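Engineer: Taken in order, these protein sequences are the chains called A and B.
Count the first sequence with our numbering and you get residues 51 to 386, in order.
Count the second sequence with our numbering and you get residues 51 to 386, in order.
Positions of the beta carbon are idealized from the N, C-alpha and C atoms, including for glycine.
Predicted model only: the values in this text are computed from it and were never measured.
First the structure, then my questions, so here it is.
2 protein chains.
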Amino acid sequence: MAQSEALTLADVAKAAGVSPATVSRALNEPSLVKAATRQRVMEAVEELRYRPNRMARDLAGGRSRSVGVIVSNLANPFFLDIFHSVEYEAKRHGYEVLVENTGYDPRRLAAVIDAMLGRAPAGIVVVVSEMEDAMMQELVEGEIPTVIYDVGSPGPNIANIRVDEEQGIKTVTRYLKSLGHKRFGFVGHHTQYGSLRRRREALEAQLGKKLTVGADVEDSLEGGRAGARAMLALDPRPTAILCGNDHIAIGAMRELRVRGVDVPGEMSVVGFDNILWAEYVHPALTTVNIPRPSIGRMAMERILTPEGTPSSATAEEILVQPDLVIRESSGPPKKK
Amino acid sequence: MAQSEALTLADVAKAAGVSPATVSRALNEPSLVKAATRQRVMEAVEELRYRPNRMARDLAGGRSRSVGVIVSNLANPFFLDIFHSVEYEAKRHGYEVLVENTGYDPRRLAAVIDAMLGRAPAGIVVVVSEMEDAMMQELVEGEIPTVIYDVGSPGPNIANIRVDEEQGIKTVTRYLKSLGHKRFGFVGHHTQYGSLRRRREALEAQLGKKLTVGADVEDSLEGGRAGARAMLALDPRPTAILCGNDHIAIGAMRELRVRGVDVPGEMSVVGFDNILWAEYVHPALTTVNIPRPSIGRMAMERILTPEGTPSSATAEEILVQPDLVIRESSGPPKKK
DNA sequence: TTGAAAGCGCTACCAC
DNA sequence: GTGGTAGCGCTTTCAA
Numbered sequence: 051m052a053q054s055e056a057l058t059l060a061d062v063a064k065a066a067g068v069s070p071a072t073v074s075r076a077l078n079e080p081s082l083v084k085a086a087t088r089q090r091v092m093e094a095v096e097e098l099r100y101r102p103n104r105m106a107r108d109l110a111g112g113r114s115r116s117v118g119v120i121v122s123n124l125a126n127p128f129f130l131d132i133f134h135s136v137e138y139e140a141k142r143h144g145y146e147v148l149v150e151n152t153g154y155d156p157r158r159l160a161a162v163i164d165a166m167l168g169r170a171p172a173g174i175v176v177v178v179s180e181m182e183d184a185m186m187q188e189l190v191e192g193e194i195p196t197v198i199y200d201v202g203s204p205g206p207n208i209a210n211i212r213v214d215e216e217q218g219i220k221t222v223t224r225y226l227k228s229l230g231h232k233r234f235g236f237v238g239h240h241t242q243y244g245s246l247r248r249r250r251e252a253l254e255a256q257l258g259k260k261l262t263v264g265a266d267v268e269d270s271l272e273g274g275r276a277g278a279r280a281m282l283a284l285d286p287r288p289t290a291i292l293c294g295n296d297h298i299a300i301g302a303m304r305e306l307r308v309r310g311v312d313v314p315g316e317m318s319v320v321g322f323d324n325i326l327w328a329e330y331v332h333p334a335l336t337t338v339n340i341p342r343p344s345i346g347r348m349a350m351e352r353i354l355t356p357e358g359t360p361s362s363a364t365a366e367e368i369l370v371q372p373d374l375v376i377r378e379s380s381g382p383p384k385k386k
Numbered sequence: 051m052a053q054s055e056a057l058t059l060a061d062v063a064k065a066a067g068v069s070p071a072t073v074s075r076a077l078n079e080p081s082l083v084k085a086a087t088r089q090r091v092m093e094a095v096e097e098l099r100y101r102p103n104r105m106a107r108d109l110a111g112g113r114s115r116s117v118g119v120i121v122s123n124l125a126n127p128f129f130l131d132i133f134h135s136v137e138y139e140a141k142r143h144g145y146e147v148l149v150e151n152t153g154y155d156p157r158r159l160a161a162v163i164d165a166m167l168g169r170a171p172a173g174i175v176v177v178v179s180e181m182e183d184a185m186m187q188e189l190v191e192g193e194i195p196t197v198i199y200d201v202g203s204p205g206p207n208i209a210n211i212r213v214d215e216e217q218g219i220k221t222v223t224r225y226l227k228s229l230g231h232k233r234f235g236f237v238g239h240h241t242q243y244g245s246l247r248r249r250r251e252a253l254e255a256q257l258g259k260k261l262t263v264g265a266d267v268e269d270s271l272e273g274g275r276a277g278a279r280a281m282l283a284l285d286p287r288p289t290a291i292l293c294g295n296d297h298i299a300i301g302a303m304r305e306l307r308v309r310g311v312d313v314p315g316e317m318s319v320v321g322f323d324n325i326l327w328a329e330y331v332h333p334a335l336t337t338v339n340i341p342r343p344s345i346g347r348m349a350m351e352r353i354l355t356p357e358g359t360p361s362s363a364t365a366e367e368i369l370v371q372p373d374l375v376i377r378e379s380s381g382p383p384k385k386k
């Protein structure tokens, strides 16, 4: 029964005995069409199994009912959560979501931004570390409502959601010190950029000379293992290591396990983000929670109400507060 | 510097002193344009920071340079790997990827298939469990090269990649029996559908009465915990539990840990898929490897060479062989 | 409430 | 090699 050529609005119109315009209205703005007519149109749509052509619809409408999400690394569940939270909100409002992954590659980010802009989405949510000025500029010129997470400063059509990293770090270090820790290590990825840079700097500010900044590793489980190896090679060894995120922390814990280093007995490990997996590994990971669901919600709100803004020149910054979640991977250092 | 209205081909054409057609060619088929002309066009493109409009391009071209990927649950790293492997291959060939998540909801799957078809992608890769006949039919009628994973039978424009679940299951059960296990439990999700159904059935065939089929849980870490609780409630308890996938197995192991049940001493746990995380949890998970990278590769191959098929009526089926990966979560049952 | 028709920005065919 | 131009399938004034 497969038809050789895809059906168009015109086919439906003919079948229903109305004009294409009416079919379009029946489909998009039913209130503009008399009930009886709408009925006939809908029947024809069913009968013919008509499926509107998105490309044409978006082009003619000038807009596209979708929002773009750009993240650095979907394999890190943190980014996946961001995607899901945006998706959830977007769907509620009848939008589709287009995701793109950059793999922390600035060139790929630039390409992806171009591609997104070329699709003219209703909005763009950018959660990456590798943002550079030129790209911000491009986003500004793109004139599409954009929400960026924790990078750079807001611009005309750009809102910034920022996590109070400093506060988060302060809470962890205070906690760790209260446990009696004196030597700290840090394992992060891309610590020159964005939020990881801020986490590192906040840590340095808190701990001063007591912090040994470890190797800059990949944002992967394997990266975490590499980071842990670097920490283990230190003399004296830190008694607590802070990881740039949970993804890395979980990798680090595996390495410690394999090397026979007891966590938290010989070494405490804390992460950042509070991804779901943090509760499921052993020992369960102590971490700093970042509320992803509200990030998605706020991002979509900001995208769907650009008119809500008194003046688009208002540079908006939304601050999110993280909170400490204590589990099993941290404890007092064991004297030996 | 932001321009109020987006630039069009015509603007570039004017700036470069050529026709729109030439600009289009310079951009898409450079070999058709004299080097000098191309040069001028490119300069104009740079100068004006022109970005082609995808919607228009796709519409005019009749095709869209993208492939759709539909999966059941991106939070399960198995599906994410599938996505990544398709994405990798797609990018290599200059295609973009559109992902959609169904959350195992058949209605959502139907909606997503419609949406995909409406975008007229170059191909569609469907990796879900909840496929139903009506949807297969829709896909067939969609007349877009489609590759489905482990569900239903191939059709005209539809290829099927099937994992030899039976073989995988046979290998695990043989291994477990050789260890001395006599009582087995099974924890799966959506075991009425697709590959999970086949895994369960293969298991039942292998083990007969020795298998206790546990509750059908969610495909989530929490689902795994629930499944483990169900197993623990059994009397006599199984000494080995087979999980429908690693995602669930990892959740199950957490529950066992919390309940103080030693793995593998008191209970062996094995998964299916061999997701990366399986190596990073403790104890590292014994599982059955499914080669995702080759699945993505084969899917894209099939999509990009529909002409390669002698007749599109050839129902194609590709069989993938899984293999056992023994790690730490399985061992001989401890006598007590 | 409905229809006619002018585009949306680009591609691709047909001339030159 | 390059330009002119007719659509791609839909939305959206403008009239009726």
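Run down chain B in chain order and give the residues with a C-beta less than 8 Å from the C-beta of A:Pro-102.
Structural biologist: Result: Gly-168.
Engineer: Would B:Ser-380 pass as an interface residue toward chain A - the criterion being a Cβ-Cβ separation below 8 Å?
Structural biologist: Answer no: the Cβ-Cβ gap between B:Ser-380 and chain A never drops below 8 Å.
Engineer: Taking the Cβ atom as the reference point for each residue, do B:Ile-345 and B:Tyr-138 lie within a distance shorter than 8 Å?
Structural biologist: Cβ atoms of B:Ile-345 and B:Tyr-138: not closer than 8 Å.
Engineer: When the distance is taken between beta carbons, is A:Glu-150 closer than 8 Å to A:Ile-120?
Structural biologist: Cβ atoms of A:Ile-120 and A:Glu-150: closer than 8 Å.
Engineer: In the structure shown, what three-state DSSP assignment does A:Thr-364 receive?
Structural biologist: Bear in mind that a pLDDT of 48 at A:Thr-364, under 50, signals an unreliable position, so the model cannot answer this.
Engineer: By Cβ distance below 6 Å, which residues in the same chain neighbour B:Ser-228 in space, the five residues on each side in sequence not counted?
Structural biologist: So no residue of the chain qualifies.
Engineer: Quick check: what's the CA-CA separation for B:Val-376 versus B:Thr-337?
Structural biologist: With the sequence shown as reference, residue 376 of chain B is identified as Ile, and Val is not the correct amino acid for it. Cα to Cα, B:Ile-376 sits roughly 7 Å from B:Thr-337.
Engineer: If we require 4 or more residues per run, which alpha helix (DSSP H) segments fall completely within the stretch 94-153 of chain A?
Structural biologist: Entirely contained in the stretch 94-153 of chain A, the alpha helix (DSSP H) runs reaching 4 residues are, in chain order, 104-111, 127-142.
Engineer: So which of A:Ala-334, A:Ile-174, A:Arg-75 has the shortest CA-CA distance to A:Val-91?
Structural biologist: Ranking A:Ala-334, A:Ile-174, A:Arg-75 by Cα distance to A:Val-91 puts A:Arg-75 first.
Engineer: If you measure from the beta carbon of B:Ser-114 to each beta carbon in chain A, is any gap under 8 Å?
Structural biologist: With 8 Å as the cut-off, B:Ser-114 counts as an interface residue toward chain A.
Engineer: Please compile the residues from chain A whose C-beta is within a distance smaller than 7 Å of the C-beta of B:Arg-307.
Structural biologist: Per Cβ cutoff of 7 Å: His-332.
Engineer: Which value, in whole angstroms, describes the spacing of the CA atoms of B:Cys-293 and B:Ala-328?
Structural biologist: So the alpha carbons of these two residues sit roughly 13 Å apart.
Engineer: Can you pull the chain B neighbours of A:Glu-146, defined as C-beta to C-beta under 8 Å?
Structural biologist: The answer, in chain order, is Ala-165.
Engineer: If B:Pro-288 sits next to B:Phe-234, beta carbons under 8 Å apart, how far is it from one beta carbon to the other, in whole angstroms?
Structural biologist: Contact flag correct, Cβ pair sits at about 5 Å.
Engineer: Mind checking if A:Ala-106 is an interface residue toward chain B, Cβ cutoff 8 Å exclusive?
Structural biologist: Yes, A:Ala-106 counts as interfacial toward chain B.
Engineer: Between A:Pro-383, A:Asp-61, A:Glu-55, A:Leu-59, which has its C-alpha nearest A:Tyr-225's C-alpha?
Structural biologist: Ranking A:Pro-383, A:Asp-61, A:Glu-55, A:Leu-59 by Cα distance to A:Tyr-225 puts A:Pro-383 first.
Engineer: For B:Ala-125, decide whether its Cβ has a neighbour in chain A, counting only Cβ atoms nearer than 8 Å.
Structural biologist: Interface residue, yes.
Engineer: Of the choices A:Asp-164, A:Ala-125, A:His-143, A:Ser-116, whose alpha-carbon is the least far from that of B:Leu-148?
Structural biologist: That would be A:Ser-116, whose Cα lies nearest to the Cα of B:Leu-148.
Engineer: When you compare each of B:Val-213, B:Ala-278, B:Lys-259, B:Lys-232 to B:Leu-246 by their alpha carbons, which one comes out closest?
Structural biologist: Minimum Cα distance to B:Leu-246 is reached at B:Val-213.
Engineer: Whether or not the stretch 70-84 of chain B and the stretch 117-136 of chain A are in contact is what I'm after, with contact meaning three or more pairs of Cβ atoms, one per stretch, closer than 8 Å; do they touch?
Structural biologist: No, the stretch 117-136 of chain A is not in contact with the stretch 70-84 of chain B.
Engineer: Could you list which residues in chain B have their beta carbon closer than 7 Å to that of A:Leu-130, in chain order?
Structural biologist: Neighbours of A:Leu-130 on chain B, chain order: Leu-124, Ala-125.
Engineer: Quick one: is A:Asp-183 buried, meaning 16 or more other Cβ sit within 10 Å of its Cβ, or exposed?
Structural biologist: By the neighbour-count rule (16 or more Cβ atoms within 10 Å), A:Asp-183 is not buried but exposed.
Engineer: Output needed for B:Phe-128: all residues of its chain with C-beta closer than 8 Å, excluding positions within five of it in sequence on either side, in chain order.
Structural biologist: Asn-295, Asp-296, His-297, Asp-323, Ile-325, Ile-340, Arg-342.
Engineer: Less than 8 Å between the CB atoms is what I'm expecting for B:Arg-347 and B:Glu-305, so what's the real figure, rounded?
Structural biologist: 36 Å between Cβ atoms; not a contact.
Engineer: For A:Lys-385, name the three-state secondary structure that DSSP assigns.
Structural biologist: Coil.
Engineer: I'd like to know if the stretch 93-111 of chain A and the stretch 162-169 of chain B are in contact, where contact means that at least 3 CB-CB pairs between them fall below 8 Å.
Structural biologist: Short answer: they touch.
Engineer: Compare the C-beta of A:Lys-385 with all C-beta atoms of chain B and state if any pair is closer than 8 Å.
Structural biologist: No, A:Lys-385 lies away from the interface with chain B (no Cβ there is under 8 Å from its Cβ).
Engineer: Helix, strand or coil for B:His-231 per DSSP?
Structural biologist: B:His-231: coil per DSSP, three-state reduction.
Engineer: Identify the continuous beta strand (DSSP E) that holds B:Asp-266 and give its terminal residues.
Structural biologist: Unbroken beta strand (DSSP E) run through B:Asp-266: 261-267.
Engineer: To which residues does DSSP link A:Gly-41 through a beta bridge?
Structural biologist: Because chain A here runs from 51 to 386, residue 41 of chain A falls outside it and cannot be looked at.
Engineer: Cβ-heavy atom distance between B:Leu-124 and the ligand COA below 7 Å?
Structural biologist: With respect to the ligand COA, the structure shown offers nothing to examine, as it has no ligands at all.
Engineer: Return the chain-ordered list of same chain residues with a C-beta closer than 6 Å to the C-beta of A:Val-311, the five sequence neighbours on each side being excluded.
Structural biologist: These residues qualify, in order along the chain: Met-317.
Engineer: Using the rule of at least 16 other Cβ atoms within 10 Å of the residue's Cβ for burial, across every protein chain shown, is A:Val-177 buried or exposed?
Structural biologist: Burial call: buried.
Engineer: I need the DSSP call for A:Asp-373, collapsed to helix, strand or coil.
Structural biologist: Strand at A:Asp-373.
Engineer: Does B:Pro-360 come within less than 8 Å of chain A when only Cβ atoms are used?
Structural biologist: Bear in mind that the predicted position of B:Pro-360 carries a pLDDT of just 43, short of 50, making it unreliable; the figure below should be weighed with that in mind. No, no contact with chain A.
Engineer: Under a three-way DSSP split, which group does B:Asn-393 fall into?
Structural biologist: Not covered by the structure: residue 393 of chain B. The range shown for chain B is 51 to 386.
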